[in-house]
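For the numbering used here, count along the sequence shown from 1 and bump the result up by 436. Using N, Cα and C, we set each Cβ at its ideal position, and we do this for glycine too.
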Amino acid sequence: MTGIVNTPKLTKKRDFYFDNVKFFLILIVVATHTFSPVIGESWGLERLFYFIYTFHMPAFIIVSGYFMKYIKNLNKYVIKYSKIYLFIQTLYFLVFKFVLKAEIDLTYSDPYYTYWFMFCLIIWYVIFPQVKDLKGILSIAVAAGIAVGYDENFGLFMSLSRVVVFFPYFLIGHYLKKEHIITVKESKWKYIIWVACIVIAYILLKYDIIARPLLQGKSSYAVVGYDMWYAGLYRLALYGVGALFSFGFFLLIPDGEKMYSKLGAQTLYVYLIHGIILKVLRNIGFYEVFNGMELVLIGVLFGLMLTVLVQVVRSKVNPS
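1) So residue 629 packs on residue 683, CB below 8 Å; how close in whole Å?
2) Is there a C-beta anywhere in chain C that falls below 7 Å from the one on residue 521?
3) How big is the Cα-Cα spacing for residue 519 and residue 737?
4) If you run the structure through DSSP and keep just helix, strand and coil, what is residue 560?
5) Would you say the segment 692-708 touches the segment 620-634, given that touching needs at least three Cβ pairs under 8 Å?
6) Report the option in 549, 527 and 564 whose CA atom is closest to the CA atom of residue 505.
7) Can you tell me whether residue 666 is buried or exposed? The criterion is at least 16 other CB atoms within 10 Å of its CB, across all chains shown.
8) Taking 8 Å as the threshold, find out whether the segment 594-612 comes into contact with the segment 546-560 through three or more Cβ pairs.
9) For the alpha helix (DSSP H) that residue 455 lies in, which residues bound it at each end?
10) Is residue 696 near residue 746, with beta carbons less than 7 Å apart?
11) Residue 658 and residue 588: beta carbons closer than 7 Å?
12) When the Cβ atoms of the segment 485-492 are set against those of the segment 457-471, are three or more pairs found closer than 8 Å?
13) When DSSP labels each residue in this structure, what does residue 575 get in the three-state scheme?
14) Measure the C-alpha to C-alpha separation of residue 517 and residue 474 and round it to an integer number of angstroms.
15) Please go through the same chain and pick out, in chain order, the residues whose beta-carbon is closer than 8 Å to the beta-carbon of residue 583, but skip the five residues on each side of it.
16) Give the single residue among 744, 750 and 732 whose Cα lies nearest to the Cα of residue 480.
17) Would you call the segment 505-514 and the segment 523-541 touching, i.e. three or more CB-CB distances under 8 Å?
18) Using CA atoms only, rank isn't needed, just tell me which of 654, 681, 610 and 611 is closest to residue 638.
19) Just list the alpha helix (DSSP H) runs in the segment 660-735, keeping only unbroken ones of 4 residues or longer that don't cross its boundaries, in chain order.
20) Specify, as a first and last residue, the run of the alpha helix (DSSP H) that residue 526 falls within.
21) For residue 502, which residues in the same chain have their Cβ closer than 6 Å to its Cβ, ignoring the five residues on either side in sequence?
22) Do residue 499 and residue 689 have their CB atoms nearer than 7 Å?
23) Compare the Cα-Cα distances from residue 634 to each of 685, 510, 528 and 715 and report the closest residue.
24) Taking all protein chains shown into account, decide if residue 643 is buried (16 or more other Cβ within 10 angstroms of its Cβ) or exposed.
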């Protein structure tokens, strides 16, 4: 989960560019989860949610795949992230069961809330060495992601649908080189990509061409209302949109060490705790006070506060 979690110490010289990418992405994630409970009450929030969901998880998964190729001992990270996953699932259950007094069962096969991403990453780390040498693996992964949408029984259990649907982005990250981003950044192609992103985003948001639930990768085509034989073309289009928008986002991020680079280097704990905090806030009436566009700013500030707090705590615990 190096796209969201702490970047492994892979080389002596740190690449601050991807720390910068992770910083902005985690702010987007926290802000989106902050206003998502009330998107049905605001056209603007609903459109913003739709737009962000076209690229924010694909971008994080691409970054995860990018860093994975530099990890020499994948088994070490499989064990590490498995322990973290078990811990956060247990903590989420305890908070909901005994603090919020909610009806909830303890499970490790069905990830709670946003923790499907960590669960998927663990599985990708396990299966990637087994499939990496297959000829045309990216095409196979895309075809598999399209195919599972036709199976109504291939859904939430163990996040299997998301494991398959989002795997192509992980592979894209594996094949991505920073030189690809730099080359485009230094050419006129970046303007063409940005214009394409704007035009496509406008069309998607104005005409609702693709059903929003399809963006989450967890439901079959029939569940989201696509029972036609060519429904898979919608997911194929989403693969293109997700990759294009992610790359367009990457081109916006500055290179080099910035004042926020260190904050982007430690996003694991922000990812882990923000969801539980938001669930508690919702339970105590937070959304009865705030329920409009101000939640976007509140979400960004909340994400920034958490990243700063995590950095301060980490610097005290591990000064090195």
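So, from the data block:
1) 6 Å
2) You won't find chain C in this structure, because it holds only one protein chain.
3) 30 Å
4) helix
5) no
6) 564
7) exposed
8) yes
9) 452-471
10) no
11) yes
12) yes
13) helix
14) 32 Å
15) 668
16) 732
17) no
18) 681
19) 668-688, 697-700, 704-719 and 722-725
20) 510-530
21) 609 and 612
22) no
23) 685
24) exposed
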